[in-house]
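Colleague:
Residue numbers (this note's numbering): 13 to 300.
#1: What's the call for residue 58, buried or exposed, on a 16-neighbour Cβ count within 10 Å?
#2: Terminal residues of the continuous alpha helix (DSSP H) containing residue 271?
#3: Could you check what DSSP says for residue 13 in three-state terms: helix, strand or coil?
#4: What is the C-beta distance between residue 156 and residue 216, in whole angstroms, given that I count them as a contact (C-beta under 8 Å)?
#5: Within this structure, are the beta carbons of residue 282 and residue 264 separated by less than 8 Å?
#6: For the 8 Å Cβ check, are there 3 or more pairs between the region 181-196 and the region 217-233?
#7: Between 273, 40, 190, 163, which has its C-alpha nearest residue 206's C-alpha?
#8: Start and end of the alpha helix (DSSP H) containing residue 213?
#9: Do residue 160 and residue 219 have their beta-carbon atoms positioned less than 8 Å apart in this structure?
#10: Looking only at C-alpha atoms, which of 140, 246, 130 sits nearest to residue 119?
#11: By Cβ distance, which residues of its chain are closer than 7 Å to residue 266, with the 5 residues on each side in sequence left out?
#12: Cutting at 8 Å between CB atoms, please list the residues of its own chain near residue 301, excluding the five before and the five after it.
#13: Hey, quick one: how far does the alpha helix (DSSP H) through residue 94 stretch, first residue to last?
#14: In whole angstroms, what separates the C-alpha of residue 246 from that of residue 254?
#15: I believe residue 225 touches residue 256 by the beta-carbon criterion, under 8 Å. Please report the beta-carbon distance rounded to the nearest angstrom.
#16: Hey, residue 144 and residue 94: beta-carbon distance below 8 Å or not?
#17: Mapping DSSP to helix, strand and coil, what is residue 145?
#18: Taking the alpha helix (DSSP H) that residue 242 falls in, what are its first and last residues?
#19: What separation, rounded to the nearest whole angstrom, lies between the Cα atoms of residue 182 and residue 56?
#20: Have a look at the DSSP bridge pairing and note the partners of residue 21.
#21: Taking only the alpha-carbon atoms, compute the straight-line gap between residue 180 and residue 248 and give it to the nearest angstrom.
#22: Which term fits residue 186, buried or exposed, when burial requires 16 or more other beta carbons within 10 angstroms of its beta carbon?
#23: Kindly indicate the opening and closing residues of the alpha helix (DSSP H) around residue 77.
#24: Does the pairing of the region 32-40 with the region 96-104 give three or more beta-carbon distances under 8 Å?
See below:
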């Protein structure tokens, strides 16, 4: 029989067990890029307010936290895919409700600080997070592009929040990350090929086969890098952004022959370096 404490946390008792259960849904590998993308979008706007940027980042944190909790809830409590989960069903619902309320508060703040457009452009990030499972992840496009689309919207909405407009540069960077990260996500999903195929979960790897999915993923990533080159040549991006291509491409080349698990680890870290290189290029303009 559940006590008041373990009605929320499945392991341990007391307030610290509950706190650990809630904090367990913060996954740094997937949480840090959206938060960094929020500040990247602010930087693209030119001069920016740290306070407004912090409110936007808070909204994005709530959106990604929602995605993590909902995904864990569905995979463990609904689909029985995962071996364990720190939160009970009640705990998951409390976490989702808390994240939703915090997100609404952040939206109200963005509305007050930057107008209704800021709130409306940020709202879809939470919708994507909430619908990731079990809606979006049951279709190859939704499973692959949900997270990248969230990153793209984060960049665009952060720029709008700071400037009141959607700069062409932020739209272009959003497109680059949508494309590049869709390739990375295709490799990431291939890690679960055996299990996904056994339950009929239609990821790109399941639909196309692992070898074809890898070729498609690398084709998508190549297009993403090509967009950076094209936008740099066309004057949309600073010329120094081409250095980011030189940072990511060698990592992708090393990952080509690796297992999906190792390839994903390499590509995610390569994406971190790619984003860091773009931030440096936009912030410092070393070639100008």
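Yeah, the Cβ is synthetic: ideal placement off N, Cα and C, and Gly gets one too. All values reported here derive from a predicted model rather than from experimental measurement.
Modeller: Taking the definition as stated:
#1: Exposed, because fewer than 16 other Cβ atoms sit within 10 Å of the Cβ of residue 58.
#2: Looking at the DSSP string, residue 271 is not in any alpha helix (DSSP H), and its letter there is neither H nor E.
#3: Low confidence applies to residue 13: its pLDDT is 39, below 50, so where it sits in the model is not reliable, and the reading given next is rough at best. Three-state DSSP puts residue 13 in coil, outside helix and strand.
#4: The pair is a contact, with the Cβ atoms about 6 Å apart (cut-off 8 Å).
#5: In contact: residue 282 and residue 264 (Cβ atoms closer than 8 Å).
#6: By the Cβ criterion, the region 181-196 is in contact with the region 217-233, since at least three pairs of Cβ atoms, one from each stretch, lie closer than 8 Å.
#7: Per the Cα distances, 273.
#8: Neither: residue 213 is in no alpha helix (DSSP H) and is coded neither H nor E.
#9: By the CB criterion at 8 Å, residue 219 and residue 160 fall outside the cutoff.
#10: The residue with the shortest Cα to Cα distance from residue 119 is 130.
#11: Answer for residue 266: 278, listed in chain order.
#12: Residue numbering for the chain in the displayed model covers 13 to 300; residue 301 lies beyond these limits and cannot be assessed.
#13: First-last for residue 94: undefined, no H or E at that position.
#14: Per the coordinates, the alpha-carbon of residue 246 lies some 12 Å from the alpha-carbon of residue 254.
#15: Between residue 225 and residue 256, the beta carbon gap of about 25 Å keeps them out of contact (Cβ cut-off 8 Å).
#16: Taking 8 Å as the Cβ cut-off, residue 144 and residue 94 do not qualify as a contacting pair.
#17: Residue state, collapsed to three classes: coil.
#18: For residue 242, the enclosing alpha helix (DSSP H) stretches over residues 222-245.
#19: In this structure, the straight-line span from the alpha carbon of residue 182 to that of residue 56 is close to 6 Å.
#20: Beta-bridge analysis with DSSP links residue 21 to 99.
#21: Near 7 Å, if we compare the C-alpha coordinates of residue 248 and residue 180.
#22: It is buried - the Cβ of residue 186 has at least 16 other Cβ atoms within 10 Å.
#23: From DSSP, the alpha helix (DSSP H) with residue 77 extends over 62-84.
#24: Counting Cβ pairs under 8 Å, three or more are found: they touch.
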